[in-house]
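**Q** Before anything else, here's the structure in question.
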Amino acid sequence: MSLNILTHDFKRLSSELASKLDLLTRHILLDQNKDQLVVNLKLISSKEMIRLNRDFRSKESDTNVLSFPASKDIQKISGELGDIAMSMPYIESESHNLNRDLEDHMMHLLAHGILHLLGFDHAVEKDANLMEKQEIKYLEFFKIANPY
Numbered sequence: 085m086s087l088n089i090l091t092h093d094f095k096r097l098s099s100e101l102a103s104k105l106d107l108l109t110r111h112i113l114l115d116q117n118k119d120q121l122v123v124n125l126k127l128i129s130s131k132e133m134i135r136l137n138r139d140f141r142s143k144e145s146d147t148n149v150l151s152f153p154a155s156k157d158i159q160k161i162s163g164e165l166g167d168i169a170m171s172m173p174y175i176e177s178e179s180h181n182l183n184r185d186l187e188d189h190m191m192h193l194l195a196h197g198i199l200h201l202l203g204f205d206h207a208v209e210k211d212a213n214l215m216e217k218q219e220i221k222y223l224e225f226f227k228i229a230n231p232y
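Note that the numbering used here has the sequence shown beginning at 85, numbered continuously upward.
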């Protein structure tokens, strides 16, 4: 398995969705020549996401996804690319407000998070365009519409 999923209080994750998330992870890692690495995904509460966002980004707010890349040394030792946290209450509300399928939205956010772990960023327009193209490419493979 290329994806370790920790759900804690969120037991709503179906085995079908877990398989799709794992397949997406495998697909991206293989495409990026990182298929020997594993991604950890933790589905968390808004309260926990606010704490992470405050501690690591100095922002006192909930958000959909945060990525925490492992250093190259840690990757070699653990075989882990890094950790991704997703705020399930935020994502559920966001997918509803955007009129998107929850599972498709989670797939998009996972792709986004993995790309951050791989070093992609969207701070400047040129990098954002490159990152969005990658996300769209990976989602198309799974028949998921362009989220942009």
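Positions of the beta carbon are idealized from the N, C-alpha and C atoms, including for glycine.
Which of the three DSSP states is assigned to residue 134 in this structure?
**A** Counting from 1 along the sequence shown, the entry for residue 134 is found at position 50. Three-state result, residue 134: helix.
**Q** When the distance is taken between beta carbons, is residue 203 closer than 8 Å to residue 151?
**A** Here the question's residue 151 lines up with position 67 in the sequence shown. Here the question's residue 203 lines up with position 119 in the sequence shown. The answer is no: Cβ separation not under 8 Å.
**Q** What would DSSP say about residue 97, mapped onto helix, strand or coil?
**A** Here residue 97 refers to the residue found at position 13 when the sequence shown is read from its first residue. Residue 97 falls in the coil class under three-state DSSP.
**Q** Rounded to whole angstroms, what's the CA-CA distance from residue 135 to residue 195? Just pull it up for me.
**A** In the sequence shown, the residue the question calls residue 135 occupies position 51. In the sequence shown, the residue the question calls residue 195 occupies position 111. Straight-line Cα distance between these residues: approximately 23 Å.
**Q** So what does DSSP say about residue 112, is it helix, strand or coil?
**A** For the purposes of this step, residue 112 is identified with residue 28 of the sequence shown, where counting begins at 1. Residue state, collapsed to three classes: helix.
**Q** Over the uninterrupted beta strand (DSSP E) stretch that includes residue 167, give me the two end residues.
**A** Taking the sequence shown and counting its residues from 1, the one referred to as residue 167 is at position 83. Residue 167 -> beta strand (DSSP E) spans 164-171.
**Q** Considering only residues of the same chain and omitting the five flanking positions on each side of residue 121, which have a CB-CB separation below 7 Å?
**A** The sequence position of residue 121 within the sequence shown is 37, counting from 1. Same-chain partners within the cutoff: 113, 159, 163, 164, 165.
**Q** Could you have a look at residue 90 and say whether DSSP puts it in helix, strand or coil?
**A** Taking the first residue of the sequence shown as 1, we reach residue 90 at position 6. Three-state result, residue 90: strand.
**Q** Please report how far the alpha carbon of residue 179 lies from the alpha carbon of residue 229, in whole angstroms.
**A** Stepping through the sequence shown from its first residue, residue 179 is reached at position 95. Stepping through the sequence shown from its first residue, residue 229 is reached at position 145. Going from the Cα of residue 179 to the Cα of residue 229 covers about 14 Å.
**Q** Based on the DSSP secondary-structure assignment, which residues constitute the bridge partners of residue 79?
**A** An answer regarding residue 79 cannot be provided, because it is not within the stretch 85 to 232 covered by the chain.
**Q** I need the DSSP call for residue 151, collapsed to helix, strand or coil.
**A** Here residue 151 refers to the residue found at position 67 of the sequence shown. If DSSP states are grouped into helix, strand and coil, residue 151 belongs with the strands.
**Q** Identify every residue that forms a DSSP beta bridge with residue 208.
**A** In the sequence shown, residue 208 corresponds to position 124, counting from 1. Bridge partners of residue 208: none, in fact.
**Q** Measure the alpha-carbon distance for residue 212 versus residue 205 and round it to whole angstroms.
**A** On the sequence shown, residue 212 is found 128 positions in, with the first residue counted as 1. On the sequence shown, residue 205 is found 121 positions in, with the first residue counted as 1. Distance between the alpha carbons of residue 212 and residue 205: 6 Å.
**Q** Quick check: the stretch 123-133 against the stretch 168-188, are there 3 or more CB pairs under 8 Å?
**A** Touching, yes.
**Q** From residue 119 to residue 215, what distance separates their C-alpha atoms?
**A** Indexing the sequence shown from 1 puts residue 119 at position 35. Indexing the sequence shown from 1 puts residue 215 at position 131. Their Cα atoms are separated by approximately 19 Å.
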